[in-house]
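A short write-up of the structure that comes next.
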Amino acid sequence: MLQMLRGRGLRLSVSAVALLSMSVQPVLAQGRNDSVLNACGTERAGLVKLDKDYKDLKRSKMANAVGEGVKQGAMVLAKGVMSGGIPVGGRGGGGFGSAMGGMSGLMGAVGGMAMQSAAAQQAQQPGGQPQASQQVAMFGQDMLSGAMGLQIPGVSNYGGFGVGGGGDNVKAYAALAVLVAIVATADAYAKLKEQEAGGDLKKASFNIDQDAARQLTVSRQIVTDGESLVDCRARQLSDINTRLASAANDKDRKAIRRERTDLVSALKKDIDLTGDVVDQHTGMAKTFTQGRAMTDGASEADVLGGQAPAYATVADTTRKSMPKAGGAPAGQQQAAAPPPPPPPSALVAIKATVVRSAPVASASVVTSLPVGREIRPKTGEPDGGWWEIDVAGAPGYVRASDVGPPGSVPVQTAAAKGAPAKGAARGKGAVQAKAPPPPPAPAGPTNIRAYNQSIIAARDTGKGRLASLMTDIQTSQRRENVFYAWLERLPWS
0 MLQMLRGRGL
10 RLSVSAVALL
20 SMSVQPVLAQ
30 GRNDSVLNAC
40 GTERAGLVKL
50 DKDYKDLKRS
60 KMANAVGEGV
70 KQGAMVLAKG
80 VMSGGIPVGG
90 RGGGGFGSAM
100 GGMSGLMGAV
110 GGMAMQSAAA
120 QQAQQPGGQP
130 QASQQVAMFG
140 QDMLSGAMGL
150 QIPGVSNYGG
160 FGVGGGGDNV
170 KAYAALAVLV
180 AIVATADAYA
190 KLKEQEAGGD
200 LKKASFNIDQ
210 DAARQLTVSR
220 QIVTDGESLV
230 DCRARQLSDI
240 NTRLASAAND
250 KDRKAIRRER
260 TDLVSALKKD
270 IDLTGDVVDQ
280 HTGMAKTFTQ
290 GRAMTDGASE
300 ADVLGGQAPA
310 YATVADTTRK
320 SMPKAGGAPA
330 GQQQAAAPPP
340 PPPPSALVAI
350 KATVVRSAPV
360 ASASVVTSLP
370 VGREIRPKTG
380 EPDGGWWEID
390 VAGAPGYVRA
400 SDVGPPGSVP
410 VQTAAAKGAP
420 AKGAARGKGA
430 VQAKAPPPPP
440 APAGPTNIRA
450 YNQSIIAARD
460 TGKGRLASLM
470 TDIQTSQRRE
480 NVFYAWLERL
490 PWS
């Protein structure tokens, strides 16, 4: 009996030791893993914050409101709002942004979108097109206010919104644009940009390129942070390899190999982190590219100008168009629109003027035109006070008030300062020297193309190089396993 009790006590002791080792070893391993992972904590910090910002953004009630509003087509909720069954968030106290924490805020934004959509349909003319004075915005002020209350990388701390006017209104649209690009469709994004531009697709096209410019600052920082993280991990690996080569005994070598295994675990987490952040921007690049193609009536390949997209193997060559709000009722045919007037054969600059990259005063300057320079418009009439012309294969825009038909250049009545006042200022000798040809203009949506390239660079220099480091370690581990297995088979082992 005493022997049985002793045997049972021994078994219990062994079991206790085994259970204790099972619980202690993972804790020790976790401590080692955290130590190796956090050795590059400074280099990871920016990427970790970005990843958190995007996850918080996609989980926000505002994101749910945008996604649900677009998905529902708004008509189901419209009936509930109009009947009083669904409360709409008030705007006097900050709109949606003041009700972010409750269901009323969520339903307010979605319901507001619903009412706007319903009103837009009710305001249609018999031919099926809404009257210009009664068109209703798809994304209302509640949604703009809500987007302003979110932390959005590239927008929340961006200081360039005052250029050309706009202020908070521009920032609100920029914030909502990122949110729509993340949780909705490219169609919805294109419609938002059309709304922001007041229906002017050329201005919408320019604004899309500005959205890409704001995110370009973020993606370039991702490239920098990814390179720093790779350099840090490479230094860790180099240190491990150096110590492993000089280890004096098997105990030290085993400890160093465990540290190297922990580095593989850290690299896996780094690869997931950088991959998640880059994937987020890859999706936005696709939305910006497709939205620009819609507003331009072009293809993705046209927008990217021969670049390989970050989101696909090759760019789509199919021309895209803006999504339609709705056609004419069945059985009704719309009257055929008269053909546009042919463009004038030529116009001339009646004063020194500039050619801009978009039909807005804040757009970048492409080139300058001296007085008398001939241009050839691409359309029959100016659009919104701007003529579109071709500059080295790229579109350019000049104010209609700065050009006129041939012969409309004002006659100079006085000579240049220091020249004779009479005679020399008249006749053929008064013709100004021909100005040098303008420099070639940058072709196409340059910010979208630069953004696309930076995302590819972020993937290659961050996730790609981290994966290569991990592969190198795993290859070394396999070689060592084969080597030690061979040693064990030797006669003296």
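For the sequence shown, numbering that gives the first Met the number 0 gives the first residue as 0, with consecutive numbering after it.
Glycine included, each C-beta is placed from N, C-alpha and C at the ideal position.
Closer than 8 Å: is that where the CB of residue i sits relative to any heavy atom of the ligand SAM?
i    : result
L236 : With respect to small molecules bound, the structure shown includes none, and the ligand SAM cannot be examined in it.
Tell me the DSSP secondary structure of residue i in three-state form.
i    : result
G330 : Any answer about G330 is weak, because its pLDDT of 37 lies below 50 and its placement is not dependable; what the coordinates show is given next. Looking at G330 - three-state DSSP - the assignment turns out to be coil, as it is neither helix nor strand.
A297 : coil
E258 : helix
A345 : coil
S475 : helix
G274 : helix
D167 : helix
E193 : helix
G403 : strand
D315 : coil
E67  : helix
V390 : strand
A180 : helix
G110 : For G110, the pLDDT reaches just 42, beneath the cut-off of 50, and the residue's location in the model is therefore unreliable, leaving the point undetermined.
Tell me which residue opens and which closes the beta strand (DSSP E) that residue i is part of.
i    : result
Y396 : 393-398
L149 : Unbroken run through L149: none, as it is neither H nor E.
T445 : Premise fails: T445 lies in the alpha helix (DSSP H), 445-457, not in any beta strand (DSSP E).
T460 : T460 -> no beta strand (DSSP E), and no H or E assigned at all.
T366 : 364-368
Using alpha carbons as the reference points, say which of the options lies closest to residue i.
i    : options                : result
V177 : T378, R375, V313, M147 : M147
T273 : A307, F138, T352, V229 : V229
T445 : S361, A307, V397, L303 : L303
A457 : A314, G139, T216, V354 : T216
L170 : I239, S144, T184       : According to the sequence displayed, residue 170 carries Lys and not Leu. Closest by alpha carbon: S144.
P405 : D55, D275, S59, V347   : V347
K190 : G139, Q279, A212       : G139
T223 : R232, R234, A449, L46  : L46
A494 : C39, G403, V365        : The first residue shown for the chain is 0 and the last is 492, placing residue 494 beyond what the model contains.
L236 : V276, D141, I472, S264 : I472
V69  : D186, A314, D261       : D186
R58  : I181, L36, G40         : I181
I447 : D238, T317, P308, A265 : P308
L262 : V313, K250, C231, D141 : C231
M283 : Y188, A393, N206       : Y188
K54  : Q279, G198, S227, A393 : Q279
M142 : Q214, V179, K48        : V179
A311 : K323, T281, E193, D301 : T281
G403 : G296, L465, I349       : I349
D238 : Y450, A38, D249        : A38
G305 : R478, R43, M61, A449   : A449
V276 : E42, A211, V359, K48   : K48
Beta-carbon separation of residue i and residue j under 9 Å?
i    : j    : result
D52  : Q150 : yes
S400 : G384 : yes
R242 : I255 : yes
A351 : L368 : yes
R372 : D389 : no
R291 : S204 : yes
K319 : S298 : yes
Q452 : R259 : no
Y396 : V370 : no
M321 : T294 : yes
G225 : T460 : yes
A265 : L36  : yes
G66  : A174 : no
K201 : E387 : yes
L468 : A233 : yes
I270 : K462 : yes
T288 : A314 : yes
Q209 : G153 : no
S218 : I454 : yes
Starting from residue i, follow the alpha helix (DSSP H) in both directions and report where the run begins and ends.
i    : result
D230 : 200-244
R355 : Counting along the chain, R355 falls outside any alpha helix (DSSP H), though it belongs to the beta strand (DSSP E) covering 352-355.
D50  : 40-58
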